[in-house]
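Residues in the sequence shown are numbered from 15 upward in steps of one, following the numbering used here. Think of the CB as a built atom: it goes at the ideal place given N, C-alpha and C, for glycine as much as any other residue. Worksheet: one structure, shown below.
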Amino acid sequence: MLPDLYRRLRGLVVRKSELEDEKGQGMVEYALILVLIAIVVIVILQVVGHQVNNVFSNISNALGT
């Protein structure tokens, strides 16, 4: 009786700790995805930024301001 109860309680403790680890893992995955998105946005802005600046400069020059 006691060994069976011990095994059940041990199983519950192990399951609870596994669930807590998965919650932390999910947060880390979301953080990594956000970092990847930020890097992609920065690279795109660096590549396209000069072209956008040139377009607005041309418009400004054409308007005579």
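Same chain, Cβ closer than 8 Å to residue i, neighbours up to 5 away in sequence not counted
i   : result
V55 : none
Cβ-based neighbour list, residue i, same chain, cut-off 6 Å, excluding 5 preceding and 5 following
i   : result
Y44 : none
V61 : none
Open item on the list: At 3 residues or longer, what runs of the beta strand (DSSP E) sit wholly inside the segment 32-70?
Closed with: none
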